[in-house]
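Engineer: Got a structure for you, written out below as structure tokens; questions coming shortly.
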Amino acid sequence: MDTRIPRPSVALGAVAVLVAATAAVVLTGSGVASAASVTFTPVADTYVQNDTASTNYGTSTQVVVDNSPVRRTFLRFTVSGVSGTVTSAKLRLRTISGNSGSDAGGTFRRMSNTTWSETGTTWNNQPAIDGATLGTIGAVSGNTWYEIDVTTAVGGNGTYSFGATSASGDGAYYDTRESGADAPQLVVTTGTTPPPSGDPVLVGVGDIANSGSGDTATAALLDSIPGTVFTTGDNVYDNGTAAEFASYYEPTWGRHKARTRPSPGNHDYNTSGATPYYNYFGTSAGPSGRGYYSYDLGNWHIVSLNSNISMSAGSAQEQWLRTDLAASSKPCTLAYWHHPLFTSSSNHAPSTSTRPLYQALYDNNADVVVWGHNHVYERFAPMNPAGGADASRGMRSFVAGMGGASHYSFGTIQPNSEARNSSAYGVLKFTLHASSYNWQFVPVAGQTYNDSGTGNCH
């Protein structure tokens, strides 16, 4: 459940000025960010009423929220063609003219059902309004636009359903998509706004989504942390199926998909070829079936690797990595993949087959490596590929498997392990400076474990 306090709704006045696509330049600290807004109208909207339980109102020019009789509103939008990080999403509705208004405009929630029928939905077969509360509209007047912040529900391109109810017997009436220019709107703003320092943020974790609530809590952390999201594999359990991505990952971490650069885990590969993983993330996961790629953030070169395929010296992946690192002009490098070369967890032993990747990174003076697989948090001092302490050229490594799956325990503590936790869910946040970095374990609400520090690039 999203535990943030919803922002209050805002009346927009009798006339709304709408721009289908606008661009703005925003200065924040030393950084410059561009933003673009696109307005979408519903692909479906209707309401249902309890005392006319078999009647469909899909072609009506109004939708209603009321408690006497009980009337519930449903809206569905398809977001397409947007790129970049979604920084804002606003649901806008206009109360109909010729109505005196209401003391309650309704409570709006996201819905998991995105396939309900506009012309077939009735009280008897209505979909569940089962998501977290996004916002509540207070008293409304007629012929006026109102707005709700739904940013937490809209992660990028995709289909989104919203449901609205009211506890008041004084109904609120809104125009529908049959109303032309007065139809409801979903205004999606994209763009990457840098943190105040102007330095990019990379934030993420692995071992994420299942039928529990841990991934809901870690996804809520991302709602207030800007930047690029990474994953260290096992994005969904147990078998990486399309249904599991839709049921477990999409309702939580899925709202941040547009800014996510993932890596695959062994559970993602439980379905042959990890096909649902590649289909779900698309080009953000690198070339389909390959699963390794790189990108730049500020002064940093970031590499996402695939520990579920061959990593041996001379393999296609290892040779690609060496070529990629040699071509990079960035002074700092961070890499992530699923299986850890170093770990103290008692569940999965160190994956020595990953050593050639670590060796290639070490040979090219990389700085940080992040893994998942073991459902714990662990930080190691800078080490060489043999696991020896190496303050001059060694890479600092992290096991970040606390994304939502049930925790593991620790066994024998390995040399150079400096920080450990096996009870808190959270995300690992890096702030990437020009020649250094800060790291921070950010715990979910209700938990207090923290680990933070700073390091310099080689």
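Numbered by the numbering used here, the letters in the sequence shown go through residues 141 to 598 in order. Yeah, the Cβ is synthetic: ideal placement off N, Cα and C, and Gly gets one too. The structure presented is a predicted model; accordingly, all values stated were derived computationally and were not measured.
1. Within its chain, find whatever has a CB closer than 6 Å to the CB of T291; leave out the 5 residues flanking it on each side and keep chain order.
2. Exposed or buried, which one is Y575 when buried takes at least 16 other CB atoms within 10 Å?
3. For A489, which three-state DSSP category applies?
4. Given a threshold of 16 other Cβ atoms within 10 Å of its Cβ, counted over all protein chains shown, does E558 qualify as buried or as exposed?
5. Taking its Cβ as the centre, do 16 or more other Cβ atoms sit within 10 Å of D593, making it buried, or is it exposed?
6. When the Cβ atoms of the region 494–509 are set against those of the region 336–354, are three or more pairs found closer than 8 Å?
7. Starting from T571 and walking both ways along the beta strand (DSSP E), at which residues does that stretch end?
8. Hey, is the region 493–502 in contact with the region 450–469, meaning 3+ C-beta pairs nearer than 8 Å?
9. Mind the definition here: the region 233–250 touches the region 271–288 only if three or more C-beta pairs lie below 8 Å; say whether that holds.
10. Can you list the beta strand (DSSP E) stretches of 3 or more residues lying completely in the region 301–331, in chain order?
11. Residues in the same chain with beta-carbon distance under 7 Å from C597, minus the five sequence neighbours each way, listed in chain order, please.
12. Leaving aside the five residues before and after R462 along the sequence, list all residues of the same chain whose C-beta is less than 8 Å from its C-beta, in chain order.
13. Which ranges does the alpha helix (DSSP H) cover as unbroken runs of at least 4 residues, wholly within the region 236–272, from first to last along the chain?
14. Taking the beta carbon of A529 as the centre, do at least 16 other beta carbons fall within 10 Å, making it buried, or is it exposed?
15. By Cβ distance, which residues of its chain are closer than 6 Å to T201, with the 5 residues on each side in sequence left out?
16. Given F217, which residues of its chain have a CB within under 6 Å of its CB, disregarding the five upstream and five downstream residues?
17. Can you name the residues that DSSP bridges to E558?
18. Which one of D322, M251, G367 has the shortest CA to CA distance from L572?
19. For the structure I just gave you, are there three or more beta carbon pairs, one from the region 357–364 and one from the region 254–262, closer than 8 Å?
20. Starting from the N-terminal side, write out each stretch of the alpha helix (DSSP H) that is 4 residues or longer and does not extend beyond the region 195–229.
21. Can you say whether I269 is buried or exposed, counting buried as having 16 or more other CB atoms within 10 angstroms of its CB?
22. Thinking C-alpha only, which one of Y388, L474, P402 is nearest S252?
23. Run through the DSSP bridge pairs and tell me what G586 is partnered with.
24. For R395, tell me which candidate among T372, T225, A279 has the shortest Cα-Cα distance.
25. Measuring alpha carbon to alpha carbon, tell me which residue in T588, S242, P324, I442 is nearest F214.
26. Quick check on the DSSP output: the alpha helix (DSSP H) that includes Y418 runs from which residue to which?
27. So, S562 versus L481, is the Cβ gap smaller than 9 Å?
28. Under the rule that 16 or more other beta-carbon atoms within 10 Å means buried, what is Y435, buried or exposed?
29. Measuring CA to CA, which of T372, P404, R211 is closest to G311?
30. Which residue from S532, E384, H515 puts its Cα closest to that of M523?
31. Indicate the three-state DSSP secondary structure (helix, strand or coil) for N410 in the structure shown.
32. Suppose the cutoff is 6 Å on Cβ atoms and the five residues either side in sequence are ignored; what does the same chain contact list for N578 look like?
33. Could you tell me if G454 is buried or exposed, where buried requires 16 or more neighbouring beta carbons within 10 angstroms of its beta carbon?
34. Curious, which full-length beta strand (DSSP E) runs of at least 3 residues does the region 481–537 contain?
35. Taking DSSP's pairing of strands, which residues face F385 in a bridge?
Structural biologist: This is what the structure gives:
1. As a first step, residue 291 must be located in the sequence shown, where it is residue number 151. Once the five neighbours on either side are set aside, the close Cβ partners of T291 are S228, A229.
2. In the sequence shown, the residue the question calls residue 575 occupies position 435. In the sequence under discussion, the amino acid at residue 575 is Ser, which differs from the Tyr named in the question. S575 is exposed by the Cβ-count criterion.
3. Looking up residue 489 in the sequence shown gives position 349. The answer is coil: DSSP assigns A489 none of H, G, I, E or B.
4. For the purposes of this step, residue 558 is taken as the residue at position 418 of the sequence shown. E558 is exposed by the Cβ-count criterion.
5. The residue labelled residue 593 in the question sits at position 453 within the sequence shown. One detail in the question is off: residue 593 reads as Gly in this sequence, not Asp. Burial state of G593 is exposed, judged by a 10 Å Cβ sphere holding fewer than 16 other Cβ atoms.
6. Touching, no.
7. Here residue 571 is taken as the residue at index 431 of the sequence shown, counted from 1. Counting along the chain, the beta strand (DSSP E) containing T571 begins and ends at 566–572.
8. yes
9. Verdict: yes, contact present.
10. 312–315, 325–330
11. For this step, residue 597 is matched to residue 457 along the sequence shown. For C597, where only same-chain residues beyond five positions count, the Cβ hits under 7 Å are P471, C472, D507, S575, S576.
12. Against the sequence shown, residue 462 aligns to sequence position 322. If we look at R462 and ignore the five residues flanking it on each side, its Cβ neighbours are A500, D503, N504.
13. none
14. For the purposes of this step, residue 529 is identified with residue 389 of the sequence shown, where counting begins at 1. It is exposed - the Cβ of A529 has fewer than 16 other Cβ atoms within 10 Å.
15. In the sequence shown, counting from the first residue as 1, residue 201 sits at position 61. So the qualifying residues of the chain are T316, E318, S319.
16. For the purposes of this step, residue 217 is taken as the residue at position 77 of the sequence shown. Excluding sequence neighbours, F217 sits near F180, P182, Y300, L326.
17. Position 418 of the sequence shown holds residue 558. DSSP output for E558 lists no bridge partner at all.
18. Taking the first residue of the sequence shown as position 1, residue 572 is located at position 432. When each option's Cα is compared against that of L572, the closest is G367.
19. no
20. none
21. Mapped onto the sequence shown, residue 269 falls at position 129. Result: buried.
22. For the purposes of this step, residue 252 is taken as residue 112 along the sequence shown, with counting starting at 1. Nearest C-alpha to S252: Y388.
23. For the purposes of this step, residue 586 is taken as the residue at position 446 of the sequence shown. BP columns for G586 are empty, so no partner.
24. As a first step, residue 395 must be located in the sequence shown, where it is residue number 255. The residue with the shortest Cα to Cα distance from R395 is T225.
25. The count along the sequence shown starts at 1 and reaches residue 214 at position 74. Of the listed residues, the one whose Cα sits closest to F214 is P324.
26. The residue labelled residue 418 in the question sits at position 278 within the sequence shown. The continuous alpha helix (DSSP H) containing Y418 extends over residues 415–421.
27. As a first step, residue 562 must be located in the sequence shown, where it is residue number 422. As a first step, residue 481 must be located in the sequence shown, where it is residue number 341. Between S562 and L481, the C-beta gap is not smaller than 9 Å, which leaves the two residues out of contact.
28. On the sequence shown, residue 435 is found 295 positions in, with the first residue counted as 1. It is exposed - the Cβ of Y435 has fewer than 16 other Cβ atoms within 10 Å.
29. As a working note, residue 311 is residue 171 in the sequence shown. Comparing Cα positions, the closest option is R211.
30. Reading the sequence shown from its first residue, position 383 is the one you call residue 523. Ranking S532, E384, H515 by Cα distance to M523 puts S532 first.
31. Stepping through the sequence shown from its first residue, residue 410 is reached at position 270. Note: N410 maps to helix in three-state DSSP.
32. Your numbering for residue 578 matches position 438 in the sequence shown. Closer than 6 Å at Cβ, skipping near neighbours: T571, T594.
33. Against the sequence shown, residue 454 aligns to sequence position 314. With fewer than 16 other Cβ atoms within 10 Å, it is exposed.
34. Correct list: 508–511, 517–523.
35. As a first step, residue 385 is located in the sequence shown; it is residue number 245 there, counting from the start. For F385, which the question treats as bridged, DSSP gives no partner whatsoever.
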